[in-house]
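In the numbering used here, the protein residues as written are 469 to 751.
Here is the structure we will look at, set down as structure tokens.
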Ligand SMILES: Nc1ncnc2c1ncn2[C@@H]1O[C@H](COP(=O)(O)OP(=O)(O)OP(=O)(O)O)[C@@H](O)[C@H]1O
Ligand SMILES: [Mg+2]
């Protein structure tokens, strides 16, 4: 096909050879199948900020870092330079997350380069060379649903151990090939420790998985993996090989506030008595 203008820069720089087809045009980007030497890859061309939709909401930007304070000020003011910076932070967030996650062993497409608003990465494909379907487009058996759900929960744990929450995980951002699910679409990924909304985003990601897979395996509807994973993470106990149960023990009785106040008062009286005793001894 004819090379779109913005992809031509990558051809001119020798980063790819030709565009084979357009895969799809989503909310944030247009995705192409391209050839780089003897490799078939995927080029994700981000839309200009004005053409994009909801995802760039402030919630996702929190905790993101820019290189210097001039850039931060420009971003706040919304100047032309600032918008360009914001754009780059957005695109870089996906590239950064992909590199980090690929390193941590998460099943994501391997990134190659991000240049002029185009991310070049591996094409997720099936063994017969077809582009891998989205999870949403596949019919699952009960057993498959249980296996994929478990594998994806494992991936969520791996991501969190690498400090990242996807933030838009759903059956539309997961591709499926013979090796299992592959996670894509990460420009809104957040830093788990630096974003106040990270817990809510993790719960939503895990709930999306639960709601989707429980169509095929209804018993998943009762699981509480989101809560379990976050509790372990906050307690510093989450590891890539942590065994999860999907069950979170609730406190059996409501907290007896009066008993707690009584305890505190007793401790205070004891401390006071001890102080008196010492004063008497020293006099
Ligand atoms: N590495 C890849 N390999 C194969 N297909 C891909 C790859 N990356 C993206 N796609 C395809 O392109 C579609 C859009 O990609 P992505 O979700 O990253 O962009 P988006 O603009 O956020 O799209 P959407 O609005 O559909 O979420 C995906 O649903 C998938 O079908
Ligand atoms: Mg998407």
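Backbone N, C-alpha and C fix where the C-beta goes; we use that ideal spot for every residue, glycine too.
For residue i, the first and last residue of its enclosing beta strand (DSSP E)
| i | result |
| --- | --- |
| residue 486 | 486-493 |
| residue 651 | 648-651 |
| residue 509 | 507-514 |
| residue 717 | It is not in any beta strand (DSSP E) - residue 717 carries neither H nor E in the DSSP assignment. |
| residue 498 | 497-504 |
Classification of residue i by the beta-carbon crowding that lies within 10 angstroms, buried from 16 upward
| i | result |
| --- | --- |
| residue 510 | buried |
| residue 486 | exposed |
| residue 662 | exposed |
| residue 473 | exposed |
| residue 696 | buried |
| residue 588 | buried |
| residue 728 | exposed |
| residue 624 | buried |
| residue 735 | exposed |
| residue 610 | exposed |
| residue 686 | exposed |
| residue 635 | buried |
| residue 469 | exposed |
| residue 617 | buried |
CA nearest to the CA of residue i, picked from the options
| i | options | result |
| --- | --- | --- |
| residue 600 | 731, 580, 721, 646 | 646 |
| residue 508 | 577, 612, 622 | 577 |
| residue 710 | 699, 718, 717, 720 | 699 |
| residue 488 | 591, 741, 602 | 591 |
| residue 516 | 483, 495, 648 | 495 |
| residue 626 | 595, 603, 598, 566 | 566 |
| residue 603 | 670, 666, 613, 586 | 613 |
| residue 560 | 582, 669, 622 | 582 |
| residue 690 | 634, 742, 713 | 713 |
| residue 707 | 686, 629, 720 | 629 |
| residue 632 | 676, 593, 667 | 667 |
| residue 490 | 652, 481, 503 | 503 |
| residue 674 | 682, 656, 683, 637 | 637 |
| residue 575 | 654, 683, 482 | 654 |
First and last residue of the uninterrupted alpha helix (DSSP H) at residue i
| i | result |
| --- | --- |
| residue 627 | 610-629 |
| residue 684 | Unbroken run through residue 684: none, as it is neither H nor E. |
| residue 642 | Segment 642-645 is the beta strand (DSSP E) holding residue 642; no alpha helix (DSSP H) there. |
| residue 473 | 473-480 |
| residue 695 | 693-702 |
Helix, strand or coil at residue i [DSSP, three-state]
| i | result |
| --- | --- |
| residue 587 | strand |
| residue 744 | helix |
| residue 657 | coil |
| residue 710 | coil |
| residue 736 | helix |
| residue 672 | helix |
| residue 599 | strand |
| residue 580 | strand |
| residue 723 | coil |
| residue 592 | coil |
| residue 574 | coil |
| residue 606 | coil |
| residue 522 | Note that residue 522 scores 44 on pLDDT, short of 50, meaning its location in the model is unreliable; the coordinates nonetheless yield the value given after this. Of the three classes helix, strand and coil, the one that applies to residue 522 here is helix, per DSSP. |
Quiz item: Any residues whose CB sits closer than 6 Å to a heavy atom of ligand 2? List them in chain order?
Solution: 494, 640, 641, 653
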